[in-house]
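Everything below concerns the one structure shown next.
Residue numbers (this note's numbering): 15 to 807.
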């Protein structure tokens with residue numbers, strides 16, 4: 015029997031959960047939030063940030079222009095510390111750390127076998143790790159059984175996984191929290207939830223500081239639910255309703271299932287509805303919808319519309335379109351709501367390239383913001399059809415009738431990009447400038463503003479360009495366009511205004527705040543030229559907005575008696591790679607050494623790519639920090655030298671700077687010799703098979719096949735020869751050659767023919783493909799860092 019007190023308690027729990035996650039809503043067809051808050055994908059194609067997908071020089075095509083995102087030079091306006099290096103005072107060994115260290119040493123020889131097992135999960139790999147477990151009783155066996163359980167879980171052999179984790183538990187104790195939690199997880203997946211009870215009861219008390227402490231109650235509740243024991247699940251979850259874990263979607267869904275299974279469908283429905291709307295991108299959102307249907311308490315059209323809007327904003331157009339089309343068939347919709355939904359669904363269909371002009375023209379005429387969306391769709395079709403007159407007329411109609419619509423914001427950025435690619439700077443400037451004027455807080459504002467400034471510079475409207483560049487520095491100091499704005503404003507002071515002192519001020523601000531950026535390198539060159547010509551002048555007002563980077567406190571030493579660090583190393587021995595980062599981050603001091611520890615764990619096994627990626631994802635703004643203010647070991651992990659003997663030999667053979675080759679490889683593949691990109695580019699230097707075959711023929715390699723491109727030695731031999739040829743086709747000019755390596759020869763020849771560029775940096779900034787421009791700048795920047803780290807005099 016459910017008591018009144020029980021009902022009140024349940025109502026309080028649900029109210030707490032709903033209060034945390036209730037979405038804002040203004041009715042079924044309130045205008046979707048402005049692009050300044052949750053932008054849908056722009057018509058300008060944004061290349062995914064990925065490894066090794068840039069095409070090689072043989073006919074590659076880079077993407078068109080996109081909004082720049084992210085911020086350079088993080089930090090508040092304050093003077094940076096004189097040094098970011100910190101000395102770690104090591105803790106004294108404890109019984110725990112002594113035991114963990116002993117376990118690590120006992121399993122060191124396991125690591126290559128365990129990593130192979132995790133990667134291939136072949137019968138031979140399983141046999142090798144099983145043999146190791148038999149031959150190394152104790153903690154060595156425990157680590158081996160963890161590796162076996164993990165691999166069996168990946169292979170969906172859950173009963174085998176349960177058995178292996180049980181053996182891990184009985185063999186050693188160093189990673190017993192992993193054996194308990196992963197064993198319980200496998201038991202639930204195998205359908206034996208009752209076997210998980212003992213592994214999860216009082217988990218946090220038995221395993222203090224485990225990374226699984228917060229998740230264990232949810233897993234335990236799911237075990238009870240699997241055994242048809244909703245009261246057991248409620249007993250676990252309800253007391254945690256005020257905890258941080260209760261805000262997680264898996265906790266909420268488990269609680270909803272517990273209420274539903276116990277017969278309390280009212281509270282279950284409230285939780286499911288809020289999951290569906292509040293966590294639209296989660297797996298649990300779809301599950302919540304299914305449960306509501308099962309309870310015959312379906313979602314309303316308004317809830318489904320909010321969900322679909324959020325899917326659209328997350329660029330999940332297929333799912334959003336399916337939802338919109340499903341809502342169309344809801345008989346409760348008014349005619350106006352139905353018409354608006356047709357247009358939203360059409361927008362998804364256009365993203366998926368599933369709609370024609372005729373179908374768009376047949377869409378209903380509405381009176382709300384969906385009318386602006388229809389005009390935007392027609393403008394996009396006109397752009398695709400190369401009908402500039404129709405495109406511009408539609409933009410003008412949107413400006414007149416819908417000056418505040420997010421769809422006008424989209425259309426203006428699309429129009430600016432179109433005219434940029436068509437080399438029409440006047441029209442591009444018009445669209446970009448109008449976007450900034452009407453939508454100053456737009457996601458696109460910083461990019462559009464900079465492009466307007468640059469178009470004016472290219473048109474030799476230097477006074478307007480100077481005004482816009484100073485405005486860029488003041489309005490968007492955290493944007494990635496800021497270094498370029500500082501450099502080119504300095505160039506205007508130097509070249510046009512002959513104000514050498516102010517030019518020096520801008521170059522110095524640039525080198526101080528963005529010390530390792532592409533433009534900082536150019537600024538140092540200009541400072542070298544101006545050192546005898548400039549006189550001191552007061553810095554311009556705009557320079558007060560330049561962000562001064564905060565130097566993080568980092569140590570080049572690792573706290574060797576830190577339990578989480580030793581456990582992370584032990585996890586690597588067992589190939590539980592996905593838990594290495596979370597384990598390190600569980601330490602309260604990991605901000606000072608965690609990035610280094612994770613990268614070194616990977617690097618110690620030759621996993622160069624993972625080491626680079628962990629450094630890139632560390633959140634440290636390396637390119638704003640002087641080299642001497644970060645321990646050198648960080649830089650060398652971020653800019654490593656794998657395959658160096660072959661690389662330097664082939665670079666020398668082809669007359670190439672080895673640091674340029676290393677920088678190109680770092681950009682193309684992050685030194686992943688086995689990568690094959692979506693563009694079918696292979697190996698370290700990302701060669702197309704056709705390029706590799708042609709080059710192999712020149713090198714008189716017999717019996718060449720594409721798989722040989724995954725051999726580092728072969729890839730370097732053919733890749734450096736190819737790079738030499740690309741350089742020769744462009745007179746040895748690295749900027750042209752790198753642009754061609756990414757975008758292909760034809761576009762680069764066109765860009766070279768169009769411009770009356772003062773110098774090479776002006777050419778680079780004028781590259782209309784964002785991916786290619788940033789690619790060239792990154793490689794040249796990284797080459798300078800490689801030289802600074804490794805070159806000897």
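Backbone N, C-alpha and C fix where the C-beta goes; we use that ideal spot for every residue, glycine too.
Here the structure is a predicted model, which is why all the values come from computation and not from measurement.
DSSP three-state assignment for residue i, whether helix, strand or coil
i	result
residue 246	helix
residue 702	coil
residue 58	Bear in mind that a pLDDT of 36 at residue 58, under 50, signals an unreliable position, so the number given afterwards is only what the model happens to contain. Residue 58: coil per DSSP, three-state reduction.
residue 335	helix
residue 575	coil
residue 399	coil
residue 364	helix
residue 418	coil
residue 528	coil
residue 408	helix
residue 391	helix
residue 447	helix
residue 164	helix
residue 424	helix
residue 511	coil
residue 121	coil
residue 342	helix
residue 384	helix
residue 9	Only positions 15 to 807 of the chain appear in the structure, and residue 9 is not among them; the question remains open.
residue 179	helix
residue 801	helix
residue 311	coil
Candidates the options: closest to residue i by CA position
i	options	result
residue 748	678, 803 and 455	678
residue 474	448, 453 and 505	505
residue 240	257, 267, 206 and 259	206
residue 615	118, 775 and 306	118
residue 429	417, 415 and 390	390
residue 733	165, 357 and 713	713
residue 516	556, 425, 304 and 761	556
residue 703	724, 443 and 487	724
residue 534	545, 737 and 521	521
residue 399	112, 274 and 370	370
residue 500	509, 519 and 511	519
residue 710	729, 700 and 697	729
Nearest-angstrom Cα separation, counted from residue j out to residue i
i	j	result
residue 12	residue 507	With the chain covering only 15 through 807, there is no way to say anything about residue 12.
residue 795	residue 529	10 Å
residue 324	residue 420	15 Å
residue 571	residue 607	7 Å
residue 106	residue 575	7 Å
residue 379	residue 355	12 Å
residue 438	residue 472	11 Å
residue 708	residue 741	17 Å
residue 659	residue 727	10 Å
residue 561	residue 643	18 Å
residue 804	residue 654	10 Å
residue 568	residue 161	32 Å
residue 357	residue 397	19 Å
residue 489	residue 532	22 Å
residue 145	residue 632	37 Å
residue 218	residue 688	41 Å
residue 559	residue 432	32 Å
residue 464	residue 417	22 Å
Cross-strand partners of residue i (DSSP beta bridge)
i	result
residue 690	696
Residue i: CB within 6 Å of a non-hydrogen atom of the ligand SAM
i	result
residue 427	No copy of the ligand SAM occurs in the structure displayed, which carries no ligand at all.
Any chain D beta carbon closer than 7 Å to residue i
i	result
residue 416	Of the protein chains in this structure there is only one, and it is not chain D.
Inspect the CB distances between the region 184 to 203 and the region 135 to 154 and report whether three or more fall short of 8 Å. These segments touch.
Okay, do the region 711 to 719 and the region 676 to 696 touch, 3+ Cβ pairs below 8 Å being the bar? These segments do not touch.
Would the region 663 to 671 count as touching the region 585 to 595 if we require 3 or more Cβ pairs under 8 Å? These segments do not touch.
Touch test, the region 751 to 765 against the region 638 to 653, Cβ-Cβ under 8 Å, three pairs minimum: Look at the beta carbons and you see the region 751 to 765 not touching the region 638 to 653: under three pairs across the two are nearer than 8 Å.
Below 8 Å, can you find three or more Cβ-Cβ pairs linking the region 224 to 240 to the region 255 to 271? Proximity of the region 224 to 240 to the region 255 to 271 meets the contact definition, three or more beta-carbon pairs being nearer than 8 Å.
Can you find at least 3 beta carbon pairs, one from the region 615 to 635 and one from the region 541 to 549, that sit closer than 8 Å? Note that the region 615 to 635 does not touch the region 541 to 549; fewer than 3 beta-carbon pairs, one per stretch, sit closer than 8 Å.
Report yes or no: do the region 124 to 137 and the region 594 to 606 share at least 3 C-beta pairs separated by less than 8 Å? These segments do not touch.
At least 3 beta-carbon pairs within less than 8 Å: the region 289 to 302 vs the region 313 to 329: Here the region 289 to 302 makes contact with the region 313 to 329; the two share three or more CB pairs at distances below 8 Å.
So, does the region 334 to 349 touch the region 301 to 313, judging by three or more C-beta pairs under 8 Å? Cβ pair count under 8 Å is below three, so no.
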